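Engineer:
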Amino acid sequence: MSQQTMQNIPQWHCDVLVAGSGAGGLAAAVTAAHHGLKVIVAERAASCGGATARSGGWAWTPGNPLAKADGVNEPRDDFRNYLKAVIGEADYDHERIEMFLENVPHMVGFFENSTPLKFTPGAKICDIYGRLPGAGTGHRSVAATPFYAKQLPRHLLGILPDQYKMTSFWGMGIMAGPDLGHFLNAMKKPQSFLYAAKRFGIHLYDKIVYKRNMQMVNGLAMIARLVQAADEKGVDIQVNTSVKALIEDGNGKTVGAYLDTPQGTVQVRAAKGVVLATGGYPANIERRKNFPRNPDGTQHWTLAPQEADGAGLALAESAGGYLDDSGRSPAAWCPVSVVKFKDGSEGVFPHIADRAKPGIIGVLKNGKRFVNEANGYYDYVAGMLQAVPEGEAVESWLIGDKRAVRSYMFGYAKPRPIPLAVYTRYLKCIEEADTLDELAEKCGIDPVGLMSTVAGFNRMAKQGKDTDFGRGDTPFNRYGGDASTGYPNPSLAPLGKGPYYAVKVQVGSFGTFAGIAVDAFSRVLRRDGSISDGLYAVGLDQKSVFGGNYPCGGINIGPALTFGYTAARHIAGVTEYEDDGSVCPSADYQGSLLRPSEK
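Next comes the structure, spelled out in structure tokens:
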């Protein structure tokens, strides 16, 4: 770019420039603005939120003050011991994990007490590996409290996405816990039917009047509240705006960036720093070639938006940073199925809840089970990658009987009263057959192997003990099950009489674990260990603090919020905490999302 051209480029000035508007980027922006800094957020997409807005919205926050408000005071050594048992000493990042554990209670307290973002505790959400030392049985997670968005200014509604299509009910988000319970029990309990009918009626009204969903839940509720907090604290959010190149001074310090805006190129001078929070690189086919069993980069389906293509990583590399892909795995695995719609579009559905339900099992092409289906979504994919023979496509099938499929969600298929024909005949996203051998033939599964597996599984389910993979042995497994079936273990029930159903499951992810190498303050590191001054990376742009492991649900959003918070505090030069991080009021969500709740 010529000197004359540079002189004609408009200049903006701020203290902090944040690239990206997911949980990490907005946490950094809100925290920095709270401490008096002028902040600009550059969001490449037309709306804010990134992968966070599409997610369930839970954040793993061990030691959070909502737990203390509920009388749960766990020693920090419990968290350390659990993480060490999951991660292993080789990948245990002592400095960054200590930074995380130290700041979690203060981060939650800050947002709860100083912003519109209010949390509800995950009192019953267990850590995944319940047999390991230090594993928790609840109170280590929080999510944004649902709210009705009529209270938001119109200009903010315009930069918020709709609820993610694949995990919503006709565009209406449903929150795990009591809210979901009402929908699953709508055909069993009159009060649940009335609740679900009212919720959906309000949603239809909102779609007509406001042209969008207004009942904010899950990750979208978190993003909406963070956007509101940013707006109230004077953050300048620019959508449809991408960071094209960083600007360094003569000493190699990052002092700004060039933005590509709807009005053209703009030069931003950021006096105190630039924060990269662009969502990692799960949508970058070229970089995905380094994922296991994915040589051409195409055998992977991410739940992240297409903008999560490694733009932040490329910017960091231009300033001397590098991709740290050490650790157990490069991505936050999630089993997914691909749904092809009649308009030619495709949707990616995450198999989060259905795998754990009684009456549903997962099998390979040989018809055999290969994993504890009720463990975490990460473990299911890791099991596929290990068990599928080389040379075969890495895929499996979830198999369920009619009772299970009509009682719970089964892939993209909704339970009764939605007709199954929508999914078996119209969308054709699940297979149906009267017998197991017919189902096996449709899916390309070995019929003898499948029938043998089901017979063995049914015997174990009736006894309440999975001697093959230990399904149902941990609190996490049992929490994801259903105790109403009448069988000894809520995670296990035999597959009864046909018809039977199957959905093909493939390798997907919520995002990347591999990321930009950073120090405990989220400053970008060079390969020689030196700091790239003025440049920070948070969220999925930075390497996972847990070394490519998945100790509990919410281990992307929890660190994103926390390291966004700590990075901004470091930029602002703040050492005193905003509060003591001890106790804040528990905003326990009781399951009502009906519209007048606008507090």
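Here this note's numbering = 1-based position in the sequence shown + 913. Beta carbons: idealized from backbone N, C-alpha and C, even for Gly. The model shown is predicted, which means the values in this text are computed figures rather than measured ones.
Between N1098 and D1004, what straight-line distance do the alpha-carbon atoms span, to the nearest angstrom?
Structural biologist: On the sequence shown, residue 1098 is found 185 positions in, with the first residue counted as 1. On the sequence shown, residue 1004 is found 91 positions in, with the first residue counted as 1. Cα to Cα, the separation comes out at about 43 Å.
Engineer: Verify whether the separation of the beta carbon atoms of L1189 and Y1478 is less than 8 Å.
Structural biologist: Walking along the sequence shown from the start, residue 1189 turns up at place 276. Walking along the sequence shown from the start, residue 1478 turns up at place 565. Their beta carbons are not under 8 Å apart, which means L1189 does not touch Y1478 by this criterion.
Engineer: Apply the 10 Å Cβ neighbour rule to L1117 and answer buried if 16 or more other Cβ atoms are within range, or exposed otherwise.
Structural biologist: By 1-based counting over the sequence shown, the position of residue 1117 is 204. L1117 should be labelled exposed.
Engineer: Which parts of the stretch 1103-1160 are runs of the alpha helix (DSSP H), unbroken and 4 residues or longer, counting only runs that do not cross its ends?
Structural biologist: Those alpha helix (DSSP H) runs which fall completely within the stretch 1103-1160 and span 4+ residues are 1103-1122, 1131-1145.
Engineer: With a threshold of 6 Å on Cβ separation, who are the neighbours of N1197 within its own chain once the five nearest residues in sequence on each side are excluded?
Structural biologist: In the sequence shown, the residue the question calls residue 1197 occupies position 284. Counting only Cβ-Cβ distances below 6 Å, and skipping sequence neighbours, we find D1222, G1223.
Engineer: Would you call the CB atoms of F1262 and V1249 closer than 8 Å?
Structural biologist: Counting from 1 along the sequence shown, the entry for residue 1262 is found at position 349. Counting from 1 along the sequence shown, the entry for residue 1249 is found at position 336. Yes, they are a contact pair.
Engineer: Please classify A1430: does DSSP put it in a helix, a strand, or coil?
Structural biologist: Counting from 1 along the sequence shown, the entry for residue 1430 is found at position 517. A1430: coil per DSSP, three-state reduction.
Engineer: Please list, in chain order, all residues of the same chain as P1218 whose beta carbon is under 8 Å from its beta carbon, the five residues on each side excluded.
Structural biologist: Residue numbering aside, residue 1218 sits at position 305 when the sequence shown is read from its first letter. Around P1218: A958, G963, A964, R967, G1192, A1196.
Engineer: For G976, which residues in the same chain have their Cβ closer than 7 Å to its Cβ, ignoring the five residues on either side in sequence?
Structural biologist: For the purposes of this step, residue 976 is taken as residue 63 along the sequence shown, with counting starting at 1. Excluding sequence neighbours, G976 sits near E987, R989, F992, L1014, V1017, P1018.
Engineer: Would a C-beta distance cut-off of 8 Å place G935 and G1452 closer than the cut-off?
Structural biologist: Translated into the one-based positions of the sequence shown, residue 935 becomes position 22. Translated into the one-based positions of the sequence shown, residue 1452 becomes position 539. Cβ atoms of G935 and G1452: closer than 8 Å.
Engineer: State buried or exposed for L1139, treating a residue as buried only when at least 16 other CB atoms are found within 10 Å of its CB.
Structural biologist: As a first step, residue 1139 is located in the sequence shown; it is residue number 226 there, counting from the start. The residue in question, L1139, is buried, as its Cβ has 16 or more Cβ neighbours within 10 Å.
Engineer: Taking 8 Å as the threshold (C-beta atoms), are G1186 and G1447 in contact?
Structural biologist: Residue numbering aside, residue 1447 sits at position 534 when the sequence shown is read from its first letter. Residue numbering aside, residue 1186 sits at position 273 when the sequence shown is read from its first letter. A contact, by the Cβ cut-off of 8 Å.
Engineer: Given this structure, state the Cα-to-Cα distance separating L1363 from D1350, to the nearest angstrom.
Structural biologist: Within the sequence shown, numbered from 1, the residue matching residue 1363 stands at position 450. Within the sequence shown, numbered from 1, the residue matching residue 1350 stands at position 437. Whole-angstrom Cα-Cα distance: 8 Å.
Engineer: By how many angstroms is the C-alpha of L1228 removed from the C-alpha of D983?
Structural biologist: To locate residue 983, count along the sequence shown from 1; it is residue 70. To locate residue 1228, count along the sequence shown from 1; it is residue 315. Near 43 Å, if we compare the C-alpha coordinates of L1228 and D983.
Engineer: Shortest alpha-carbon distance to F1060 belongs to which of G1071, I1331, L1030, G1304?
Structural biologist: Residue 1060 sits at position 147 when you count from the first residue of the sequence shown. It is L1030 whose Cα lies nearest to the Cα of F1060.
Engineer: How many Å lie between L1311 and H947 at the Cα?
Structural biologist: The count along the sequence shown starts at 1 and reaches residue 1311 at position 398. The count along the sequence shown starts at 1 and reaches residue 947 at position 34. Computed Cα separation, rounded: 48 Å.
Engineer: Do A955 and A940 have their beta-carbon atoms positioned less than 8 Å apart in this structure?
Structural biologist: As a working mapping, residue 940 is identified with position 27 in the sequence shown. As a working mapping, residue 955 is identified with position 42 in the sequence shown. Contact flag unset, no.
Engineer: From this set, C961, E1354, D1379, A998, which residue's C-alpha is nearest G1460's C-alpha?
Structural biologist: Locating residue 1460 in the sequence shown gives position 547, where the first residue counts as 1. The candidate whose alpha carbon is nearest that of G1460 is A998.
Engineer: Thinking C-alpha only, which one of V1021, K981, T1211 is nearest L1474?
Structural biologist: One-based indexing of the sequence shown puts residue 1474 at position 561. Here the closest residue by C-alpha is V1021.
Engineer: Starting from F992 and walking both ways along the alpha helix (DSSP H), at which residues does that stretch end?
Structural biologist: If you number the sequence shown from 1, residue 992 lands on position 79. Residues 989-1000.
Engineer: My understanding is that N1402 touches A1269, with C-beta atoms under 8 Å, so please give their C-beta distance in whole angstroms.
Structural biologist: Position 489 of the sequence shown holds residue 1402. Position 356 of the sequence shown holds residue 1269. Going by Cβ atoms, the distance from N1402 to A1269 rounds to 11 Å, so no, they are not a contact pair.
Engineer: Put Q1219 into one of helix, strand or coil per three-state DSSP.
Structural biologist: As a working note, residue 1219 is residue 306 in the sequence shown. It is coil, neither helix nor strand.
Engineer: Check each candidate in D1386, F1283, G1369 and name the one with the smallest Cα separation from L1408.
Structural biologist: Your numbering for residue 1408 matches position 495 in the sequence shown. Of the candidates D1386, F1283, G1369, the one whose C-alpha sits nearest the C-alpha of L1408 is G1369.
Engineer: Restricting to runs no shorter than 4 residues, where is the alpha helix (DSSP H) found entirely within the stretch 1032-1111?
Structural biologist: With a minimum length of 4 residues, the continuous alpha helix (DSSP H) runs that stay inside the stretch 1032-1111 are 1067-1070, 1091-1097.
Engineer: Can you tell which of G1090, P1243, W925, K1124 has the C-alpha that lies nearest to the C-alpha of I1429?
Structural biologist: Here residue 1429 is taken as the residue at index 516 of the sequence shown, counted from 1. Minimum Cα distance to I1429 is reached at P1243.
Engineer: Return yes when the Cβ of A1415 is within less than 8 Å of the Cβ of A1374, no when it is not.
Structural biologist: The residue given as residue 1374 occupies position 461 in the sequence shown. The residue given as residue 1415 occupies position 502 in the sequence shown. Not closer than 8 Å, so no.
Engineer: Does the stretch 1128-1138 come close enough to the stretch 1071-1084 to have 3 or more Cβ pairs within less than 8 Å?
Structural biologist: Yes: the two stretches touch, three or more of their Cβ pairs being nearer than 8 Å.
Engineer: Suppose you measure from the CA of R1372 to the CA of G1442; what does that come to, to the nearest Å?
Structural biologist: Here residue 1372 corresponds to residue number 459 of the sequence shown, with the count starting at 1. Here residue 1442 corresponds to residue number 529 of the sequence shown, with the count starting at 1. Approximately 56 Å, taken between the alpha carbons.
Engineer: Excluding the five sequence neighbours on either side, which residues of its own chain have a C-beta within less than 7 Å of the C-beta of H926, listed in chain order?
Structural biologist: Your numbering for residue 926 matches position 13 in the sequence shown. Around H926: R1182.
Engineer: Thinking C-alpha only, which one of E1345, L1298, P1271 is nearest F1283?
Structural biologist: Counting from one through the sequence shown, the residue named residue 1283 turns up at place 370. Checked all of E1345, L1298, P1271; the closest Cα to F1283 is L1298.
Engineer: What are the boundary residues of the beta strand (DSSP E) that includes T1178?
Structural biologist: Here the question's residue 1178 lines up with position 265 in the sequence shown. T1178 -> beta strand (DSSP E) spans 1177-1189.
Engineer: Would A1245 and S1422 be called neighbours here (beta carbons separated by less than 8 Å)?
Structural biologist: Indexing the sequence shown from 1 puts residue 1245 at position 332. Indexing the sequence shown from 1 puts residue 1422 at position 509. Yes, these two residues count as a Cβ contact at 8 Å.
Engineer: Quick check for students: name the residue ranges of the alpha helix (DSSP H) that lie wholly in the stretch 925-992, counting only runs of 4 or more.
Structural biologist: Entirely contained in the stretch 925-992, the alpha helix (DSSP H) runs reaching 4 residues are, in chain order, 936-947, 963-967, 978-982.
Engineer: Tell me whether Y1171 sits in a helix, a strand or coil according to DSSP, three-state version.
Structural biologist: Residue numbering aside, residue 1171 sits at position 258 when the sequence shown is read from its first letter. Strand.
Engineer: Can you name the residues that DSSP bridges to R1439?
Structural biologist: By one-based count along the sequence shown, residue 1439 stands at place 526. According to DSSP, which records beta bridges pairwise, R1439 is partnered with G1234.
Engineer: For a minimum of 4 consecutive residues, which ranges assigned as the alpha helix (DSSP H) are wholly contained in the stretch 1300-1336?
Structural biologist: Runs found: 1315-1320.
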